[in-house]
């Protein structure tokens, strides 16, 4: 019984509490908005998607990711970036 309790506590402490959307959803929305509003950016996802996801996973708090997933235009993206600067 004691081992079960220790195992439960260790596993609960080892998980990060992050209720934000996944970075893949953030990047997909950023690319969708960018392609729709800026001409000439149609092929950017092939080269940059993985790098953008990696950067998001290292630097973006959950609240900023949620804001970016909900953004529908470039102005909203800019607001999200100003409101929650990425962590270092």
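In my numbering, the protein residues as written are 133 to 220.
Cβ atoms here follow ideal geometry from the backbone N, Cα and C, with glycine treated the same way.
Since the model is a prediction, treat every value here as computed from it, not as a measurement.
Where residue i sits in the DSSP three-state scheme
i: residue 203; result: coil
i: residue 162; result: helix
i: residue 192; result: coil
i: residue 186; result: helix
i: residue 171; result: coil
For residue j and residue i, the rounded distance between their alpha carbons
i: residue 197; j: residue 172; result: 25 Å
i: residue 256; j: residue 206; result: Residue 256 lies beyond the range of the chain shown here (133 to 220); nothing can be said about it.
i: residue 157; j: residue 211; result: 18 Å
i: residue 152; j: residue 186; result: 15 Å
i: residue 183; j: residue 191; result: 12 Å
From the options, residue whose alpha carbon lies closest to that of residue i
i: residue 200; options: 191, 151, 162, 150; result: 162
i: residue 166; options: 209, 213, 214, 215; result: 209
i: residue 160; options: 150, 194, 203; result: 203
i: residue 181; options: 195, 192, 193, 155; result: 155
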